[in-house]
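Residue numbers (my numbering): 144 to 245.
For reference, the structure is listed below as structure tokens.
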């Protein structure tokens, strides 16, 4: 089988363009939005687990090669406590970022 299309398990068109530039014209990189696949809840405890969850979900629907990605935001509490991780869509504005970190 000749692979021509790779699906990015994301809605981030900029990220798809970046991957497309890295892969050149050998593949066509599209996002899950092209298949009207809604986002899933990111229940993993790490970025890796969330990327895998998203990739498996998309693959089960499209049966094409999939790149999973989770580039959520991570920060550390001022007191040196545990790290806070969050999906990027929850942190799209300053109010959301501050509320999440607090």
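A virtual CB, placed ideally from N, CA and C, is assigned to each residue, including glycine.
Quickly, what does DSSP pair residue 149 with across the bridge? List them, please. 172
Could you give the first and the last residue of the continuous beta strand (DSSP E) run that contains residue 210? 209 to 211
By the DSSP assignment, the alpha helix (DSSP H) with residue 194 in it spans what residues? 190 to 205
Taking the alpha-carbon positions, what's the residue 165 to residue 172 distance? 10 angstroms
Shortest alpha-carbon distance to residue 196 belongs to which of 161, 178 and 186? 186
Compute the Euclidean distance between the alpha carbons of residue 191 and residue 212, then round it to the nearest angstrom. 8 angstroms
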